[in-house]
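Chains as they are written, first to last, in my numbering: chain A, 962 to 1216; chain B, 3 to 253. Don't be surprised by glycine CBs; every beta carbon is placed ideally from N, CA and C. Values in this document were obtained by computation on a predicted structure and should not be read as measured data. Here's the structure, in structure tokens; my notes come after.
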């Protein structure tokens, strides 16, 4: 049982012929269900585009995405996405943001409210259920955004640099929080970041992308158990490996 | 702070009254504040023309405005939402709007009279034209300015087009819709008074009232009437603003 990316390519068509941008080049990978996989790579290399394709927000130019051997339709119920800029609905309170998906699904009010309240508890948002996003801190906003995605019970959770705009203490706290939640749920997570530290702390596996057009240039499995000590010898070692691959890639001339 | 706000107007009124009392300005051109208050009393209890009382003038004017304004909102808001949503519709409609929009509402009066005759329909039509474009254009810009990421977030929550329209575009455009409605009622109210200058069948209306006061040489009643028009415009705006801040607490 796995999520399979089969020969995914993406070319954005430009206005004139020959102006297109080649973003993804034959991305081929298989992720066992329930794994936490991070994708790192030079900025602008197409990591986000890959997530957007899996989420159904973008069409692949070639290739396909399979979940448990079956092709996934665009915007499948099995996929959820968390955005870097939170993307909370500013006119909805914490509670209303979290229950938005259930509302769209047509779940009756009493029931979806009860479910949303459970998430409010789990996500440590008690007392803020009637606050609007502008009244929340960055860390809280991202917790709301994650809860809003997870309440739909997706089997694959896509996270696009979710902690990218947070200060480092909040970021560390949220990483630990995310792991606690994930360990209980066993969803597959695809986590885009350009923070190698974060990738090492969180992941079962780190996938390194090349410059555009992105190919997979390295896959590192991280076997040692969680919770991990960010400053431990083994974490440092993995971090060094990833950074070396990235550095070499950055030095490589445009082909 | 509060007290200071009234200082300048109060001072002006005192000077004004003084100038009138020592007869520097003739009262048939500029009546004194006291005379205007008395004129206001006449509007209330004698009426202009006699028997047509102020409250009825107000009610008729409001009726015309409500009619035209309601039509402008009921058409402008849904149309604006649709046009903001669909690029195609916007492209088709834009040239037409660009041509019609710069025509001042008052320039429509002659053709309105030809189409609807003198009466409530003409006046409401003029108000409609004044209010419609600000409401429409602000609704469009409200929808267009919604961050695309919110629409994508809704899509990843499996929103259908209907959900996106009702749960993202509409609530997201509400602040801008309110701006349009406030500008719209402002222009509508101004246009109304002018529209009533050109004739009303019922013998009621604030614009009609002050024109009649001019016919019978009552500058005190003209100025009292102008004040009433201004105060009502202000009250309408205050009302809409209260509605606005209640509706968009999230801003």
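1. Can you tell me whether residue 1006 of chain A sits near the ligand MG, meaning its C-beta is under 7 Å from at least one heavy atom of the ligand?
2. Classify residue 140 of chain B as buried or exposed, calling it buried when 16 or more other Cβ atoms lie within 10 Å of its own Cβ.
3. Answer yes if the stretch 1045 to 1065 of chain A comes into contact with the stretch 147 to 165 of chain B, meaning at least three C-beta pairs across the two stretches below 8 Å, and no otherwise.
4. Could you tell me which chain B residues have their CB closer than 8 Å to the CB of residue 1061 of chain A, listed as they occur along the chain?
5. Comparing the C-beta of residue 1042 of chain A with each C-beta of chain B, is any distance below 8 Å?
6. List the residues of chain B that residue 1018 of chain A touches, going by C-beta distances under 9 Å, in chain order.
7. Does any residue of chain A bring its CB to less than 8 Å from the CB of residue 151 of chain B?
8. Roughly how many whole angstroms lie between the Cα atoms of residue 1014 of chain A and residue 1021 of chain A?
9. Taking its Cβ as the centre, do 16 or more other Cβ atoms sit within 10 Å of residue 233 of chain B, making it buried, or is it exposed?
10. Are the beta-carbon atoms belonging to residue 226 of chain B and residue 45 of chain B less than 8 Å from one another?
11. Assess, as a yes-or-no matter, whether the stretch 167 to 179 of chain B is touched by the stretch 206 to 219 of chain B under the definition of 3 or more beta carbon pairs within less than 8 Å.
12. Is the Cβ-Cβ distance between residue 132 of chain B and residue 189 of chain B less than 8 Å?
13. Can you name, in chain order, every residue of its own chain whose Cβ lies under 6 Å from the Cβ of residue 982 of chain A, other than the five neighbours on each side?
14. Examine chain B for any beta-carbon lying closer than 8 Å to the beta-carbon of residue 1038 of chain A, and answer yes or no.
15. Along the chain, which unbroken stretches of the alpha helix (DSSP H) at least 4 residues long are found entirely within the stretch 1135 to 1174 of chain A?
16. Is there a C-beta anywhere in chain A that falls below 8 Å from the one on residue 87 of chain B?
17. State yes or no: is the beta carbon of residue 280 of chain B nearer than 8 Å to at least one beta carbon in chain A?
18. Could you please give me the residues that DSSP links to residue 1121 of chain A through a beta bridge?
19. Checking contacts by CB at 8 Å: is residue 1093 of chain A closer than that to chain B?
20. Is it the case that the Cβ atoms of residue 1122 of chain A and residue 1045 of chain A are separated by a distance below 8 Å?
21. Can you check whether the C-beta of residue 1051 of chain A is within less than 8 Å of a C-beta belonging to chain B?
22. Spell out the partners DSSP gives residue 155 of chain B in its beta bridges.
23. Any idea if residue 1030 of chain A is buried or exposed, counting beta-carbon neighbours within 10 angstroms, 16 or more meaning buried?
24. Counting only Cβ-Cβ distances shorter than 8 Å, please list the residues of the stretch 163 to 196 of chain B near chain A, keeping chain order.
25. Along the chain, where does the alpha helix (DSSP H) that runs through residue 963 of chain A open and close?
26. Keeping to the same chain, check which residues put their C-beta closer than 7 Å to that of residue 1110 of chain A; ignore five residues upstream and five downstream.
27. Using a Cβ cut-off of 8 Å, which residues of the stretch 109 to 131 of chain B contact any Cβ in chain A, in chain order?
28. Alpha carbon to alpha carbon, how far is residue 1048 of chain A from residue 1078 of chain A? Give it in angstroms, no decimals.
29. Below 7 Å CB to CB, which residues in the same chain sit around residue 1095 of chain A once its five sequence neighbours on both sides are set aside?
30. For residue 1105 of chain A, tell me which candidate among A:1124, A:1114 and A:1081 has the shortest Cα-Cα distance.
31. Just to confirm my understanding: we take residue 146 of chain B, look at its own chain, exclude 5 residues before and 5 after, and list those with CB closer than 7 Å. What are they?
32. What residue range is occupied by the uninterrupted beta strand (DSSP E) comprising residue 247 of chain B?
33. Whose Cβ in chain B lies nearer than 9 Å to the Cβ of residue 1180 of chain A?
34. Examine the Cβ distances between the stretch 1000 to 1014 of chain A and the stretch 983 to 992 of chain A and report whether three or more of them are shorter than 8 Å.
35. What are the boundary residues of the alpha helix (DSSP H) that residue 48 of chain B is part of?
Straight from the coordinates:
1. You won't find the ligand MG in this model; it holds no ligand whatsoever.
2. Here residue 140 of chain B is taken as the residue at index 138 of the second chain, counted from 1. Buried, since its Cβ has 16 or more Cβ neighbours within 10 Å.
3. With a cut-off of 8 Å on Cβ pairs, the stretch 147 to 165 of chain B is in contact with the stretch 1045 to 1065 of chain A, counting three or more such pairs.
4. Translated into positions along the first chain, residue 1061 of chain A becomes position 100. In chain order: 156, 159 and 169.
5. Within the first chain, the letter at position 81 stands for residue 1042 of chain A. Residue 1042 of chain A has a beta carbon lying within less than 8 Å of a beta carbon in chain B.
6. Residue 1018 of chain A sits at position 57 when you count from the first residue of the first chain. Under the 9 Å cutoff, chain B gives 154, 157 and 158.
7. For this step, residue 151 of chain B is matched to residue 149 along the second chain. For residue 151 of chain B, the closest Cβ of chain A is nearer than 8 Å.
8. The residue you call residue 1014 of chain A lines up with position 53 of the first chain. The residue you call residue 1021 of chain A lines up with position 60 of the first chain. Taking the straight line joining both Cα atoms gives about 6 Å.
9. Stepping through the second chain from its first residue, residue 233 of chain B is reached at position 231. With fewer than 16 Cβ atoms within 10 Å of its Cβ, residue 233 of chain B is classed as exposed.
10. Along the second chain, read from residue 1 onward, the residue named residue 226 of chain B stands at position 224. Along the second chain, read from residue 1 onward, the residue named residue 45 of chain B stands at position 43. Going by C-beta atoms, residue 226 of chain B is nearer than 8 Å to residue 45 of chain B.
11. No contact exists between the stretch 206 to 219 of chain B and the stretch 167 to 179 of chain B.
12. Along the second chain, one-based indexing puts residue 132 of chain B at 130. Along the second chain, one-based indexing puts residue 189 of chain B at 187. With respect to the 8 Å criterion, residue 132 of chain B and residue 189 of chain B are classified as neighbours on the basis of their beta carbons.
13. Residue mapping note: residue 982 of chain A aligns to position 21 of the first chain, counting from 1. Contacts found: 973.
14. Here residue 1038 of chain A refers to the residue found at position 77 of the first chain. Yes, its Cβ sits closer than 8 Å to a Cβ of chain B.
15. Correct list: 1157 to 1163.
16. By 1-based counting over the second chain, the position of residue 87 of chain B is 85. It does not: the Cβ of residue 87 of chain B has no partner Cβ on chain A nearer than 8 Å.
17. Since the displayed chain B opens at 3 and closes at 253, residue 280 of chain B lies outside it and no answer follows.
18. In the first chain, the residue the question calls residue 1121 of chain A occupies position 160. Residue 1121 of chain A pairs with A:1153.
19. What you label residue 1093 of chain A is simply residue 132 of the first chain in a count that begins at 1. Residue contact with chain B for residue 1093 of chain A: present (Cβ-Cβ distance below 8 Å to some residue of chain B).
20. Sequence index remark: in the first chain, residue 1122 of chain A carries index 161 (1-based). Sequence index remark: in the first chain, residue 1045 of chain A carries index 84 (1-based). With respect to residue 1045 of chain A, residue 1122 of chain A sits close: the two C-beta atoms are nearer than 8 Å.
21. Within the first chain, residue 1051 of chain A is the residue found at index 90, counting from 1. A Cβ of chain B is located within less than 8 Å of the beta carbon of residue 1051 of chain A.
22. Taking the second chain and counting its residues from 1, the one referred to as residue 155 of chain B is at position 153. The beta-bridge partner set that DSSP reports for residue 155 of chain B is empty.
23. Your numbering for residue 1030 of chain A matches position 69 in the first chain. By the beta-carbon neighbour count (other beta carbons within 10 angstroms, threshold 16), residue 1030 of chain A is exposed.
24. Result list: 165, 169, 170, 173, 174 and 176.
25. Against the first chain, residue 963 of chain A aligns to sequence position 2. In the DSSP assignment, residue 963 of chain A falls outside any alpha helix (DSSP H) and lies within the beta strand (DSSP E) extending over 963 to 973.
26. Here residue 1110 of chain A refers to the residue found at position 149 of the first chain. In chain order, 1041, 1042, 1043 and 1118 place their CB closer than 7 Å to the CB of residue 1110 of chain A, counting only its own chain and leaving out the 5 sequence neighbours on each side.
27. Within the stretch 109 to 131 of chain B, no residue places its CB atom closer than 8 Å to a CB of chain A.
28. Counted from its first residue, the first chain places residue 1078 of chain A at position 117. Counted from its first residue, the first chain places residue 1048 of chain A at position 87. Whole-angstrom Cα-Cα distance: 20 Å.
29. What you label residue 1095 of chain A is simply residue 134 of the first chain in a count that begins at 1. Counting only Cβ-Cβ distances below 7 Å, and skipping sequence neighbours, we find 1051.
30. For the purposes of this step, residue 1105 of chain A is taken as the residue at position 144 of the first chain. Residue nearest to residue 1105 of chain A within the set A:1124, A:1114 and A:1081 is A:1081 (criterion: CA-CA distance).
31. Residue 146 of chain B sits at position 144 when you count from the first residue of the second chain. Only residues of its own chain outside the window of five on either side were considered, and among them 86 have a CB closer than 7 Å to the CB of residue 146 of chain B, listed in chain order.
32. For the purposes of this step, residue 247 of chain B is identified with residue 245 of the second chain, where counting begins at 1. It is not in any beta strand (DSSP E) - residue 247 of chain B instead sits in the alpha helix (DSSP H) that spans 221 to 249.
33. Sequence index remark: in the first chain, residue 1180 of chain A carries index 219 (1-based). Listed by position along chain B, the residues whose Cβ is nearer than 9 Å to that of residue 1180 of chain A form an empty set, because the closest Cβ is around 26 Å away.
34. Note that the stretch 1000 to 1014 of chain A touches the stretch 983 to 992 of chain A; at least 3 beta-carbon pairs, one per stretch, sit closer than 8 Å.
35. Counting from 1 along the second chain, the entry for residue 48 of chain B is found at position 46. Segment: none, residue 48 of chain B is in no alpha helix (DSSP H) and carries neither H nor E.
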